[in-house]
Amino acid sequence: MASSQVSRLRSTRLNPSLIFGAALIGFMVLVAVIGPSLVNEKLARVGAVEPNLPPSAEYTFGTDSQGREVFTTLILAVPPTLRIGLIAGVISVILGLVLGLIAGFFGGWADWVIRTFSDVLMAVPALAFMILIVARMQRPDITVVAVVVGFLTWPGTARGIRSMVLSIRERSYTAIARANGESEVEVLFREIMPNLLPIMLASFIGAVTMGIYTVMGLEVLGLGSNVIPSLGMMIFWSQRFSAVLRGMYWWWGPPIIAIALIFIGLYFLSFGLDRFINPAIPVRRSRPRQPRNRSPVSVSAAPNAALEVKNLSVIYETPAGVVKAVDDVSFTLGPGERMGLIGESGSGKTTMATAIMRLSRPPAYIVGGQVLLGGQDLLNLPDRELSRLRLKEIALMPQAAMNSLNPVVRIGAQFEDAIATHLGRLPRKQVDDMITQALTKVGLKREMARRFPHQLSGGMKQRVAMAIATLLHPKVIIADEPTSALDVVVQQQVMHTLGRLQEELGAAVLLIGHDMGLITQFADSVGVLYAGKLVERGNVQEVLDNPLHPYTRMLIDSLPTLDGKRALVGIPGLPPELLKLPAGCAFHPRCPFAMDRCRVETPAAQSPLAGRQVACHLYPGRDGLPPLEVQIDTGSQAALAVDKQAGA
Ligand SMILES: Nc1ncnc2c1ncn2[C@@H]1O[C@H](COP(=O)(O)OP(=O)(O)OP(=O)(O)O)[C@@H](O)[C@H]1O
Ligand code: SF4
Ligand SMILES: [Mg+2]
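Structure follows, in structure tokens:
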């Protein structure tokens, strides 16, 4: 197993299903391993004890009609039942893995042969086939049956493995691994195999269950061994002697309960293992309670705001703890305003955009705040009303929007879906006109509607995403890094298109990104996000001329100037880990103005200048930052230091 997989296993929490399933199966395995040595085997032989006795101090589970003690017979019946499952599971998974890997990884004729053979095998009715085999045996041997079940169930595993290999083989990280020099065998073992672990475990448990189930089925029909006790044969004999009609619950009940415990244990184990191994499946505890809003600051009262975000807080529940990715953020977006939201990677921009649309999914939880759109709080609207508002009133171009287009649906059909969802069935001509108009607005020809996404360039796909987002003329558009992964020329074209659309629709735009230059060129106002907090907000020109927060100042100083006269200044240190945020102001380890107070007290948002918002202990009491001295080093980079004379 690759080391990344091991660390993933370690870092993922145990979950109740896994614990319960493992405990049940562990108990049955314990019974199977040590049980036989604790009972007197002779009591399970026919005629060993007086028949038909109910439970008593002497015979805990009573005796059956053949003169066997039920408890001893039960204990001796558990190991063969589990052994059958194990044999079937191991054979099925080994065959399925090897053949699935060959089919998926090498393809060609090997794939064709394996696929055809497995299709044929899957058409075989397993139980009928087993009855035929067992009926031909002179003394039914359940081990042979288990082996045959293993041989019959591998096609399911092989198919699952094959399709996963086919999909993983084409993913970008395998391409990167190849580009980094990994051979095909290394790609197979390092990149592909770790991803197959969940399906292998699920298939193993499935085959174990199938093995036990098939053998039980045969035994209940009387096609089992009369020599070795088994749960199925116990049920068969209790049936033959009409134990149910005769009220001998102590005979038919225990084997049924034992088999039910094994199946329940296997089910929970499989379910829990999936959650344990797969980090994409959120592990949920109780839903966090909505805390009371804390911050009293709202920079502008917003009688006719397009969008007002008030004290929005979003957390992620991770195995390592709770991450506060958006912390008490408030801002107002006026009608037709272009606001830029800037922040380093991981500062919470996408989390915030998703929460504004109320699209957060576990492990993300919105734990406080309001998102007011036209006087309605999106966070409290019924689902149906919210769906009606999305795209029509507020639209999101998600991060990497161009990759969010459905690869197997033509562009035109993706527009049609959006139209049908919001406007119902419209005449064909009207729909076509709407699509043509939307495509033309973003500079694309009508013919694009007939293409699939992979037939478009990155810039074209981004424009399509923009056309879909603006199709129904929303009043608010949130664009999450619409130009990332595009070259500079295409970036400019996309930004120009977004600007033109915004003007035509008169919509308010929240443009998210980490390119200060690009954002300030486009936006009227800017907000700066640091470690989930909005640390500064104001008019773009005012912020550029007079940044109030030290982080904003450093972001601006890191921009190159056209004349190249100013030295480029890097921001020292690294963005903080949200799980281990420093106490007080999260920026203090990187801040040249940090004071003792900053290390203990979180700064609240305040408005030292009209229309400006900043969260920093340097305010109130000043209307701008103290001077900073730029210390040029030998390279083009420089570090900032406070001019101690004039400093804070
Ligand atoms: N599914 C998740 N589970 C746990 N933590 C998450 C999850 N998604 C995001 N986070 C954490 O939330 C924080 C904010 O992530 P977010 O994607 O909002 O950042 P961002 O500012 O959009 O970054 P980027 O500029 O790279 O897109 C990060 O620290 C990230 O590690
Ligand atoms: S609160 Fe302190 S550490 Fe934080 S930005 Fe302001 S001066 Fe720097
Ligand atoms: Mg993002």
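Under the numbering used here, the residues of the sequence shown are numbered 285 to 932, in order. Glycine included, every Cβ here is placed at the ideal spot set by N, Cα and C.
Rounded Cβ spacing between residue i and residue j (contact assumed at less than 8 Å)
| i | j | result |
| --- | --- | --- |
| G238 | V504 | Nothing about residue 238 can be reported from this structure: the residues present for the chain run from 285 to 932 only. |
| G816 | G632 | 4 Å |
| G620 | F488 | Not a contact, Cβ separation roughly 59 Å. |
| M800 | I626 | 6 Å |
| I375 | V431 | 6 Å |
| S809 | M636 | Incorrect: roughly 16 Å between the Cβ atoms, too far for contact. |
| A361 | M518 | 6 Å |
| T248 | V433 | In the structure as shown, the chain starts at 285 and stops at 932, and residue 248 therefore has no counterpart that could be examined. |
| R282 | V323 | Since the first residue shown for the chain is 285 and the last is 932, residue 282 is missing from the structure and cannot be characterised. |
| E592 | L656 | 4 Å |
| F345 | P482 | 39 Å between Cβ atoms; not a contact. |
Residue i burial status per 10 Å Cβ neighbour count (16 or more: buried)
| i | result |
| --- | --- |
| W535 | buried |
| H780 | exposed |
| I541 | exposed |
| L308 | buried |
| W521 | buried |
| P338 | exposed |
| P691 | exposed |
| W438 | buried |
| D974 | Nothing about residue 974 can be reported from this structure: the residues present for the chain run from 285 to 932 only. |
| R906 | exposed |
| A609 | buried |
| D764 | buried |
| F311 | exposed |
| P300 | exposed |
| M750 | buried |
| T724 | exposed |
| E700 | buried |
| L643 | exposed |
DSSP beta-bridge partners of residue i
| i | result |
| --- | --- |
| K817 | Y814 |
| S467 | BP columns for S467 are empty, so no partner. |
| T724 | Bridge partners of T724: none, in fact. |
| R622 | V793 |
| A889 | A899 |
| R883 | R883 is not bridged to any residue. |
| I599 | K608, Y649 |
Simplified DSSP state of residue i, which is helix, strand or coil
| i | result |
| --- | --- |
| L680 | strand |
| Q698 | helix |
| F389 | helix |
| K608 | strand |
| E628 | coil |
| V323 | coil |
| I855 | coil |
| T767 | coil |
| D661 | strand |
| M406 | helix |
| V986 | This structure leaves residue 986 out entirely; the chain is present only between 285 and 932. |
| T347 | strand |
| G653 | strand |
| T804 | helix |
| E592 | strand |
| A314 | Checking the sequence shown, residue 314 turns out to be Leu, not Ala. L314: helix per DSSP, three-state reduction. |
| S554 | helix |
| L707 | helix |
| V760 | strand |
| N479 | helix |
| F355 | helix |
| L617 | strand |
| E334 | coil |
| G531 | coil |
| R674 | strand |
| I512 | coil |
| L302 | helix |
| E731 | helix |
| G434 | helix |
| S809 | strand |
| G822 | strand |
| F520 | helix |
| V280 | What is shown of the chain runs 285 to 932, which leaves residue 280 out entirely. |
| V429 | helix |
Please list, in chain order, all residues with a C-beta atom less than 6 Å from at least one heavy atom of ligand 1.
Here the residues come out as Y600, T602, V607, A609, G627, S629, G630, S631, G632, K633, T634, T635, P647, Q683, H798, L862.
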